[in-house]
Amino acid sequence: MVYKKLAGRGCNTVRKEESMKRVFKALVAGTFVTLGSLAFAQQGVTDTEIRIGNWGPMSGPAAAWGNVTTAIDAYFQWINDQGGINGRNLVLVSRDDGYDPARTVSAVREMIDREGVFAFAAGVGTANGLAAMPLIIREGIPWVGPATGAVEFAEQSDGYIFATFTNYFVESALMTRYAIEELGSSNIAIFYQNDGYGLSGVAGLEAEVSAQQAEGSSAFAGDRVTYERGTTNMGVQALRLAGSGADTVMLFSDPSAAAALLNEFANLDYRPQILSTVTLLDPSLISHPGMQGAMFTSFLRLPSVILGEGNGDPYADQLYSEIIIPYAPEIAADPFRALGGIAFTQPLVVAIEAAGRDLTREAVIEQLKLIDNYTEGMYHNLSFADTYQGNNSVQLLQVTPQGLRPVSDWLEY
Amino acid sequence: MDILLQVIISGASIGSIYALIALGIVLLYRTTRILNFAHGDIGVLGTFIAYTLITSTGLPFRVSFMLALLAAAVIGGCIYLFLVRPAKNQSELGLLILTLGLALALGGLDALVFGSGNKVVPALVDHRLVHVGGASFSVVTVVTALVGVVLMVGLWAMMTFTRLGLAMRAVAEREDVAQALGIPVRNVLIATWATAAVLATAAALLFAPTALLHPAMMLDPLSKGFVAAVIGGMNSLPGAVVGGYVLGVLELVVGIYISLEFKASFAFLAVILVLVLRPHGLLGKAEVKRV
Chain C
1 MVYKKLAGRG CNTVRKEESM KRVFKALVAG TFVTLGSLAF AQQGVTDTEI
51 RIGNWGPMSG PAAAWGNVTT AIDAYFQWIN DQGGINGRNL VLVSRDDGYD
101 PARTVSAVRE MIDREGVFAF AAGVGTANGL AAMPLIIREG IPWVGPATGA
151 VEFAEQSDGY IFATFTNYFV ESALMTRYAI EELGSSNIAI FYQNDGYGLS
201 GVAGLEAEVS AQQAEGSSAF AGDRVTYERG TTNMGVQALR LAGSGADTVM
251 LFSDPSAAAA LLNEFANLDY RPQILSTVTL LDPSLISHPG MQGAMFTSFL
301 RLPSVILGEG NGDPYADQLY SEIIIPYAPE IAADPFRALG GIAFTQPLVV
351 AIEAAGRDLT REAVIEQLKL IDNYTEGMYH NLSFADTYQG NNSVQLLQVT
401 PQGLRPVSDW LEY
Chain H
1001 MDILLQVIIS GASIGSIYAL IALGIVLLYR TTRILNFAHG DIGVLGTFIA
1051 YTLITSTGLP FRVSFMLALL AAAVIGGCIY LFLVRPAKNQ SELGLLILTL
1101 GLALALGGLD ALVFGSGNKV VPALVDHRLV HVGGASFSVV TVVTALVGVV
1151 LMVGLWAMMT FTRLGLAMRA VAEREDVAQA LGIPVRNVLI ATWATAAVLA
1201 TAAALLFAPT ALLHPAMMLD PLSKGFVAAV IGGMNSLPGA VVGGYVLGVL
1251 ELVVGIYISL EFKASFAFLA VILVLVLRPH GLLGKAEVKR V
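Protein sequences, first through last, are from chains C and H.
Just so we're aligned: the first sequence equals residues 1 to 413 in our numbering.
Just so we're aligned: the second sequence equals residues 1001 to 1291 in our numbering.
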């Protein structure tokens, strides 16, 4: 019995050695074949698909911005239903970071290492993007359309980041210019979140006021009133702004803080002209009674569902009806973020298509740099020819009893 | 404009919301020794129920307000029966973690069922300005403060004049003795959780029209409610009310007269000061343990 077992084990050992040799030979041969093919392959690209990474807050305090990711998914489905790009389908690999920068970094790491994404599109949040930026640049991965207007993305692009969101500095400066030149504002105050986002708004206001003063304007930058992210009681801020006598107040905050401030303004019977950054273009805030007459910026072409029948941009209308309504009806009530998701991703899609079938990151980056005075997409004018900040224009919209209506042409910085 | 009067009126308005939150926290803590981190999320859930009733059925806000309070009472009772009671043998730390988990779960549930976008909740009354002595304030502010006061007086009356209140106080004192005396402790604890949930929802319903409704709406007010509870004394219901109003007014005073940047951290500095100088809070009683 024992012998049989031993013999049996001996026979098995011989057989195992033979099979191990075969496996080893196959592995060696396979490795050479794989290495050979890898020399021409690109991470995230197969014969049939291209994997695009993205992150956003699908939970937590900024979860409404998760609609950007939903829109990108709808956009990719729409493209795939038309045959994909050069015979390949676009696959969205997205992660919920809960608006927590630490989670963004681990999500990006995982999407690079495990999911092997080819490029990144959009990505919500300034702090989140700044946290992920060094990793993406170090890995040499193209990242198009960070969903934030912080100046750092274009300034520190290192050739990999292509910003399409008009940055907060430019946005603030253009709002200030419009306030002084068109609205006759003289004392322009600002209510801002105490972080890079809000401080960019302050810097834009101060720079433009200085420029206007150099040309003889008597307008000045009034009180700069801040709040800490996450706080909700804006009583002091409202008292300060009302006491400053500002005729115009710019908002660089989150929607909840803006709503709290407007309620306090109502308590004080203080009604300045409100100029608001695009990040507050939230359906709930637009419908807030305190926002009647307020102006928002937009760096995107907007559809009729936002601007009223006959006022929308035909191209935005087309994307809204062809992509958002059929593919993502659950976010149709939030058309700005929905079309934002498409707009942030569109230049990447254009570049991938132009790069052709032999798709590499280098080829896509090359094609992105060739985008110059591009007016066919969701932006007024997109250009990466000599900058990584592709868009520097906004349009002003005003809240009227009928809804948002455009009140200015496209303003360019 | 008389700034100080304006600060007192605005501070009292937000202070009544802090006081309501603190009352719910203290009520639960002194009865069960549980620090309920899900308190704010229970309030948000109740507010979403009211919002859904307003927008889906067209019910007036006042009716929806009352129905949401009823729903909150049921939710609070169920949380005790199905979550807290089965875990009653856990340590205080274990129960604290349980409420943290519940907070996260309720936040996720709100986002799943009601959506994560911001929503505008109407106020109890229409906005109309009142001018008093150089200060101006909205009727909404006054009504918010008044509703808060009515709820606080109602809670005081219940605790003082009803058999349920007496039973709650007895259970808070010594649960085992209360049980031995024939007090139905389980029912009393259900009522305590239900009352705390009603207070949380009332606070959230009064707060929502001043901001925007979303699943994380009560994060900041809840932290202020905890601060108010500690300032007033974790075992004192009148202390919670005093703590809420003191915090509401002082926050604004600090923001106006000292520094706007310091306003956000002032509340937590106040907690540190109270814990160092008067650990049992302004009106709380020092706990004495026999050794």
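Ideal Cβ placement from N, Cα and C applies to all residues, glycine included.
As the structure is a prediction and not an experimental result, all values here were calculated from the model.
DSSP-derived helix/strand/coil call for residue i
| i | result |
| --- | --- |
| G140 of chain C | coil |
| Y192 of chain C | strand |
| V1026 of chain H | helix |
| E309 of chain C | coil |
| E1251 of chain H | helix |
| S186 of chain C | coil |
| P326 of chain C | helix |
| D1002 of chain H | coil |
| D1220 of chain H | helix |
| F250 of chain C | Residue identity check: residue 250 of chain C is Met in the sequence provided, not Phe. M250 of chain C falls in the strand class under three-state DSSP. |
| A1105 of chain H | helix |
| G36 of chain C | In this predicted model, G36 of chain C has a pLDDT of only 46, less than 50, meaning its place in the structure is not dependable; the value taken from the coordinates is given anyway. It is helical. |
| I1079 of chain H | helix |
| Q273 of chain C | strand |
| I371 of chain C | coil |
| L382 of chain C | strand |
| I1054 of chain H | helix |
| Q213 of chain C | helix |
| F162 of chain C | strand |
Buried or exposed by the 16-neighbour rule on C-beta atoms within 10 Å, applied to residue i
| i | result |
| --- | --- |
| R271 of chain C | exposed |
| P303 of chain C | buried |
| I1272 of chain H | exposed |
| D254 of chain C | buried |
| Q436 of chain C | With chain C running from 1 to 413 in the structure shown, residue 436 of chain C is simply not present. |
| M1234 of chain H | buried |
| F344 of chain C | buried |
| T1162 of chain H | exposed |
| M1066 of chain H | exposed |
| A1019 of chain H | buried |
| S298 of chain C | buried |
| V1063 of chain H | exposed |
| Q82 of chain C | exposed |
| K1263 of chain H | buried |
| I1014 of chain H | buried |
| A214 of chain C | exposed |
According to DSSP, residues forming a beta bridge with residue i
| i | result |
| --- | --- |
| W55 of chain C | C:R95 |
| A147 of chain C | C:V124 |
| S999 of chain H | A question about residue 999 of chain H goes unanswered here, because the residues of chain H that appear run from 1001 up to 1291. |
| S298 of chain C | C:Q395 |
| V225 of chain C | C:F191 |
| W410 of chain C | C:Q395 |
| E49 of chain C | C:N89 |
| L400 of chain C | The residue you asked about is not Leu; residue 400 of chain C is Thr in the sequence shown. T400 of chain C pairs with C:G403. |
| K1119 of chain H | H:L1213 |
Close beta carbons around residue i, own chain, < 7 Å, minus the five adjacent residues each side
| i | result |
| --- | --- |
| V364 of chain C | A119, P142, A351, I352 and A355 |
| G1043 of chain H | A1200, T1201, A1203, A1204 and M1218 |
| S1116 of chain H | H1214 and P1215 |
| S1223 of chain H | none |
| R51 of chain C | G44, V91, V93, E115, G116, V117 and F118 |
Chain-order list of residues whose beta-carbon lies under 8 Å from that of residue i (same chain, five-residue window excluded)
| i | result |
| --- | --- |
| L368 of chain C | P142, V144, F162, P347, L348, A351 and F384 |
| G60 of chain C | G98, Y99 and D100 |
| Y379 of chain C | T164, F299, L300, R301, A343, G390, N391 and S393 |
| S200 of chain C | G149, A150, V151, N167, Y168, F169, S172 and F252 |
| H1127 of chain H | S1138, V1139 and V1140 |
Residues of its chain near residue i, where Cβ-Cβ distance is below 6 Å and the 5 sequence neighbours each way are ignored
| i | result |
| --- | --- |
| N1036 of chain H | L1028 and T1099 |
| Q43 of chain C | G116 |
| G159 of chain C | none |
| L1022 of chain H | Residue 1022 of chain H is actually Ala in this sequence, not Leu. Closer than 6 Å at Cβ, skipping near neighbours: G1225, A1228, A1229, A1240, G1243 and G1244. |
| Y374 of chain C | L382 |
Contact set between residue i and chain D, taken where Cβ atoms lie within less than 8 Å
| i | result |
| --- | --- |
| L251 of chain C | This model lacks chain D altogether; the protein chains it does include are C and H. |
Counting pairs of beta carbons, one from the region 375-388 of chain C and one from the region 1093-1108 of chain H, are three or more of them closer than 8 Å?
no
Check whether the region 102-111 of chain C touches the region 63-78 of chain C, counting contact only when three or more Cβ pairs, one atom from each stretch, lie closer than 8 Å.
no
For the structure I just gave you, are there three or more beta carbon pairs, one from the region 145-155 of chain C and one from the region 247-262 of chain C, closer than 8 Å?
no
Contact between the region 162-171 of chain C and the region 230-245 of chain C (3+ Cβ pairs under 8 Å)
no
Within 8 Å, do at least three Cβ pairs link the region 1133-1152 of chain H to the region 283-293 of chain C?
no
Taking contact to mean 3 or more Cβ pairs, one atom from each stretch, closer than 8 Å, check whether the region 1166-1181 of chain H and the region 1038-1053 of chain H are in contact.
no
Does the region 1179-1188 of chain H come into contact with the region 186-194 of chain C, if we say contact requires no fewer than three beta-carbon pairs (one atom in each stretch) closer than 8 Å?
no
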